[in-house]
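Undergrad: Just so you know, the protein sequences line up as chains A and Y, in that order. The first sequence begins at 1 in the numbering used here and counts up by one. The second sequence begins at 1 in the numbering used here and counts up by one.
There are 2 protein chains.
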Amino acid sequence: VAPRSTEQRKADTLRLLAETDDCWVSTASSDGTPYLVPLSFVWDGETLTIATAANSRTVANARAGGMRVGLGGTRDVVMIDGELAITPIADDRSRADAFVAATGWDPRDEEGAWVLLVLRPSRIQVWREADELAGRTIMRAGSWVA
Amino acid sequence: VAPRSTEQRKADTLRLLAETDDCWVSTASSDGTPYLVPLSFVWDGETLTIATAANSRTVANARAGGMRVGLGGTRDVVMIDGELAITPIADDRSRADAFVAATGWDPRDEEGAWVLLVLRPSRIQVWREADELAGRTIMRAGSWVA
Chain A
1 VAPRSTEQRK ADTLRLLAET DDCWVSTASS DGTPYLVPLS FVWDGETLTI
51 ATAANSRTVA NARAGGMRVG LGGTRDVVMI DGELAITPIA DDRSRADAFV
101 AATGWDPRDE EGAWVLLVLR PSRIQVWREA DELAGRTIMR AGSWVA
Chain Y
1 VAPRSTEQRK ADTLRLLAET DDCWVSTASS DGTPYLVPLS FVWDGETLTI
51 ATAANSRTVA NARAGGMRVG LGGTRDVVMI DGELAITPIA DDRSRADAFV
101 AATGWDPRDE EGAWVLLVLR PSRIQVWREA DELAGRTIMR AGSWVA
């Protein structure tokens with residue numbers, strides 16, 4: 001198969017964001033120690049929302065250095081960097097409800113403090129095999145590449 | 001289904017390591033900026049070997065802060081931390097040949113300098129759903145949990 005066009009990659013990415021429940025979230029501590037976990041998310045057309053424990057290592061790391069998200073398979077990759085906002089789950093009921101609707105899991109029913117990690121993509125890179133490394137950046141500085 | 005036993009998780013993990021071609025490699029720059037890419041690997045029973053470009057961001061980050069590897073799916077997770085050695089590909093012909101045999105790709109045929117990232121797991125955590133978070137550590141300090 002030929003490498004996909006930019007347009008096709010964007011369509012595939014939007015479908016993957018809508019249909020996928022989990023992503024790999026990479027963060028790092030301030031001394032440069034990498035951390036990686038899979039977490040559930042929901043996509044609302046503009047942002048990914050992830051709910052996680054307020055005292056988790058992911059949150060501590062993300063506050064300091066942001067996060068990078070991977071989804072799809074290792075041969076159908078979507079890599080996302082973006083602007084991150086971290087909000088107590090009680091402060092954004094509409095996102096929290098959307099998260100519950102998508103994942104079937106409501107952290108508000110559980111013990112402890114929970115936050116929403118809201119990532120607005122600024123760069124999205126998308127590729128399958130090596131022949132798609134060229135043209136892999138389909139969003140740059142928050143704008144879809146034409 | 002009931003949560004898997006430690007023994008079953010070890011067996012599943014060894015099979016996944018043997019059968020899987022790619023993993024998610026998370027690293028971080030010394031200022032704590034996370035980085036994440038999927039890379040091909042081969043498992044020899046004791047170590048994962050990954051070949052990548054000597055001048056890549058992954059290698060620069062890994063030299064300073066090590067790496068964390070995720071494989072399997074986000075609902076069939078294997079997370080690996082370990083001791084990392086970085087070797088020019090020409091210095092370890094047997095690992096390089098094993099990598100080529102497993103992946104069908106020989107970096108030595110390409111331009112540029114290449115290295116092998118050799119990760120010897122010291123901790124392995126394995127889980128599917130939330131009910132498997134307890135007991136997820138199946139290797140600790142380099143030893144399989146009994």
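Glycine residues also receive a C-beta, built at the ideal position from the N, C-alpha and C atoms.
Evaluate arginine 9 of chain A with the Cβ neighbour count: other Cβ atoms within 10 Å of its Cβ, from every protein chain shown; 16 or more gives buried, anything less gives exposed.
TA: Walking along the first sequence from the start, residue 9 of chain A turns up at place 9. By the neighbour-count rule (16 or more Cβ atoms within 10 Å), arginine 9 of chain A is buried.
Undergrad: Can you look up serine 56 of chain Y in the DSSP assignment and give me helix, strand or coil?
TA: Reading the second sequence from its first residue, position 56 is the one you call residue 56 of chain Y. Under the three-state reduction of DSSP output, serine 56 of chain Y falls in the coil class, being neither helix nor strand.
Undergrad: Between the stretch 69-86 of chain A and the stretch 112-127 of chain A, do at least 3 Cβ pairs fall closer than 8 Å?
TA: Three or more pairs of CB atoms, one per stretch, sit closer than 8 Å, so the stretch 69-86 of chain A contacts the stretch 112-127 of chain A.
Undergrad: Can you find a CB in chain Y that lies within less than 8 Å of the CB of threonine 27 of chain A?
TA: The residue labelled residue 27 of chain A in the question sits at position 27 within the first sequence. For threonine 27 of chain A, the answer is yes, since a Cβ of chain Y falls inside 8 Å of its Cβ.
Undergrad: How big is the Cα-Cα spacing for aspartate 97 of chain Y and glutamate 110 of chain Y?
TA: Here the question's residue 97 of chain Y lines up with position 97 in the second sequence. Here the question's residue 110 of chain Y lines up with position 110 in the second sequence. Answer to the nearest angstrom: the Cα atoms are 15 Å apart.
Undergrad: Can you give me the Cβ contacts of alanine 62 of chain A inside the same chain, cut-off strictly under 7 Å, excluding the 5 residues immediately before and after it?
TA: The residue given as residue 62 of chain A occupies position 62 in the first sequence. Exclusion of the five residues before and after alanine 62 of chain A leaves Thr27, Leu84, Ile86 and Leu117 as the residues of its chain whose Cβ lies within less than 7 Å of its Cβ.
Undergrad: Going straight from the alpha carbon of asparagine 55 of chain Y to that of leucine 36 of chain Y, what length do you get?
TA: By 1-based counting over the second sequence, the position of residue 55 of chain Y is 55. By 1-based counting over the second sequence, the position of residue 36 of chain Y is 36. Spanning the two alpha carbons is a distance of roughly 16 Å.
Undergrad: For glutamate 132 of chain A, count the other beta carbons within 10 Å of its own beta carbon; 16 or more makes it buried, fewer makes it exposed. Which is it?
TA: As a working mapping, residue 132 of chain A is identified with position 132 in the first sequence. Result: buried.
Undergrad: List the DSSP bridge partners of methionine 139 of chain Y.
TA: Mapped onto the second sequence, residue 139 of chain Y falls at position 139. DSSP output for methionine 139 of chain Y lists Y:Ile124 and Y:Trp144 as bridge partner(s).
Undergrad: Report back the beta-carbon spacing between cysteine 23 of chain Y and threonine 58 of chain A to the nearest angstrom; my notes put them in contact at under 8 Å.
TA: Numbered from 1 along the second sequence, position 23 holds the residue referred to as residue 23 of chain Y. Numbered from 1 along the first sequence, position 58 holds the residue referred to as residue 58 of chain A. Actually they are not in contact, since the Cβ atoms of cysteine 23 of chain Y and threonine 58 of chain A sit about 19 Å apart, beyond 8 Å.
Undergrad: To the nearest whole angstrom, what separates the beta carbons of aspartate 149 of chain A and arginine 68 of chain A, a pair I think is in contact under 8 Å?
TA: Any question about residue 149 of chain A goes unanswered here, given that chain A covers just 1 to 146.
Undergrad: Can you give me the C-alpha to C-alpha distance between methionine 79 of chain A and valine 145 of chain Y, rounded to a whole angstrom?
TA: Reading the first sequence from its first residue, position 79 is the one you call residue 79 of chain A. Reading the second sequence from its first residue, position 145 is the one you call residue 145 of chain Y. Looking at the two C-alpha atoms, the distance is approximately 34 Å.
Undergrad: If contacts are defined as beta-carbon pairs under 8 Å, then serine 122 of chain Y and glycine 142 of chain Y qualify, I think. What distance do you get, rounded to the angstrom?
TA: By 1-based counting over the second sequence, the position of residue 122 of chain Y is 122. By 1-based counting over the second sequence, the position of residue 142 of chain Y is 142. Contact flag correct, Cβ pair sits at about 5 Å.
Undergrad: Starting from valine 1 of chain Y, follow the alpha helix (DSSP H) in both directions and report where the run begins and ends.
TA: If you number the second sequence from 1, residue 1 of chain Y lands on position 1. No residue range can be given for valine 1 of chain Y, since it is assigned to no alpha helix (DSSP H) and is classified by DSSP as neither H nor E.
Undergrad: Which of the three DSSP states is assigned to threonine 49 of chain A in this structure?
TA: Numbered from 1 along the first sequence, position 49 holds the residue referred to as residue 49 of chain A. Strand at threonine 49 of chain A.
Undergrad: Quick one: what does DSSP say threonine 27 of chain Y is sitting in, helix, strand or coil?
TA: If you number the second sequence from 1, residue 27 of chain Y lands on position 27. DSSP places threonine 27 of chain Y in strand when its eight states are reduced to three.
Undergrad: Which value, in whole angstroms, describes the spacing of the CA atoms of aspartate 106 of chain Y and methionine 139 of chain Y?
TA: The count along the second sequence starts at 1 and reaches residue 106 of chain Y at position 106. The count along the second sequence starts at 1 and reaches residue 139 of chain Y at position 139. Whole-angstrom Cα-Cα distance: 31 Å.
Undergrad: Could you tell me the alpha carbon to alpha carbon distance between glycine 175 of chain Y and aspartate 76 of chain Y, rounded to whole angstroms?
TA: Any answer about residue 175 of chain Y is impossible in this case: the structure gives chain Y only from 1 up to 146.
Undergrad: Just to confirm the assignment: which complete beta strand (DSSP E) runs, minimum length 3, are found wholly within the stretch 92-126 of chain Y?
TA: none
Undergrad: Can you name the residues of chain A whose CB is closer than 7 Å to the CB of arginine 75 of chain Y?
TA: By one-based count along the second sequence, residue 75 of chain Y stands at place 75. Think of a sphere of 7 Å around the beta carbon of arginine 75 of chain Y: the chain A residues whose beta carbon falls inside it are Asp22, in chain order.
Undergrad: For isoleucine 86 of chain Y, list the residues DSSP reports as bridge partners.
TA: On the second sequence, residue 86 of chain Y is found 86 positions in, with the first residue counted as 1. Bridge partners of isoleucine 86 of chain Y: Y:Leu117.
Undergrad: Applying the criterion that 16 or more other CB atoms from any shown protein chain within 10 Å of the CB defines a buried residue, is leucine 14 of chain A buried or exposed?
TA: Within the first sequence, numbered from 1, the residue matching residue 14 of chain A stands at position 14. Leucine 14 of chain A should be labelled exposed.
Undergrad: Mapping DSSP to helix, strand and coil, what is arginine 75 of chain Y?
TA: As a first step, residue 75 of chain Y is located in the second sequence; it is residue number 75 there, counting from the start. In this structure, arginine 75 of chain Y counts as coil in the three-state DSSP scheme.
Undergrad: Assuming glycine 112 of chain Y and proline 34 of chain A form a contact by the criterion Cβ under 8 Å, report the distance between their Cβ atoms to the nearest whole angstrom.
TA: By 1-based counting over the second sequence, the position of residue 112 of chain Y is 112. By 1-based counting over the first sequence, the position of residue 34 of chain A is 34. In fact, because the Cβ distance is near 24 Å, the residues do not count as touching under 8 Å.
Undergrad: DSSP puts glycine 70 of chain Y in a beta bridge; with which residues?
TA: In the second sequence, the residue the question calls residue 70 of chain Y occupies position 70. Paired residue(s): Y:Trp24 and Y:Met79.
Undergrad: Please state whether DSSP places leucine 39 of chain A in a helix, a strand or coil.
TA: On the first sequence, position 39 is the one that residue 39 of chain A refers to. The answer is strand: DSSP assigns leucine 39 of chain A an E or B state.
Undergrad: Does the distance from the CB of leucine 71 of chain A to the CB of threonine 52 of chain A come in under 8 Å?
TA: On the first sequence, position 71 is the one that residue 71 of chain A refers to. On the first sequence, position 52 is the one that residue 52 of chain A refers to. In this structure, threonine 52 of chain A does not lie closer than 8 Å to leucine 71 of chain A by Cβ.
Undergrad: Using the beta-carbon count (16 or more within 10 Å), is valine 126 of chain A buried or exposed?
TA: Position 126 of the first sequence, counted from the first residue, corresponds to residue 126 of chain A. Result: buried.
Undergrad: Listing by chain order, which chain Y residues have their CB less than 8 Å from the CB of alanine 64 of chain A?
TA: Stepping through the first sequence from its first residue, residue 64 of chain A is reached at position 64. The contacting residues are Gly32.
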